[in-house]
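One structure is given below, encoded as structure tokens.
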Amino acid sequence: MSDAETNDLSSKYVLRTVGFDARFPNQNQTRNCFQNYTDYFKCIAAKGEDYAPCVQFKRAYHSLCPNEWISKWDDQRENGTFPASLEP
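Mapping the sequence shown onto my numbering, position 31 (from 1) lands on 43, and the numbers just tick up by one.
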């Protein structure tokens, strides 16, 4: 791949991940994943799905959480068996 092609690709795609959160200083990010998942649904319950700051939580949990967990939690929310309160 030439330098021009590499520069073109790097300007097209920007890779981002969640920044450091002092509440979760360890390598294990399970709690961070779960907290962002619950914060997203609390946020949209309080402010609505069109509220832009809620998107930050969604991006974070999609970056941190395995897809299987998200799918399981979505099913639990739909069935009313989710293990945490999502009330704002």
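From the three backbone atoms N, C-alpha and C, an ideal C-beta is built for every residue, glycine too. None of the values given here were measured: they were computed from a predicted structure.
Helix, strand or coil for residue i per DSSP?
i: Asp51; result: helix
i: Thr42; result: helix
i: Val67; result: helix
Near residue i, what residues of its chain come up, given a Cβ to Cβ distance below 8 Å and the 5 sequence neighbours on each side ignored?
i: Ala57; result: Leu98, Glu99, Pro100
Excluding sequence positions up to five away, which residues of its chain have a Cβ less than 6 Å from the Cβ of residue i?
i: Ser75; result: Thr29, Val30
i: Asn48; result: Phe69, Ala72, Tyr73
Would you decide whether residue i is buried or exposed? Buried here means 16 or more other CB atoms lie within 10 Å of its CB.
i: Tyr52; result: buried
i: Asn44; result: buried
For residue i, which residues from the same chain have a beta carbon less than 7 Å from its beta carbon, with the 5 sequence-adjacent residues on both sides left out?
i: Asp87; result: none
i: Ala64; result: none
i: Trp85; result: Tyr49, Phe94
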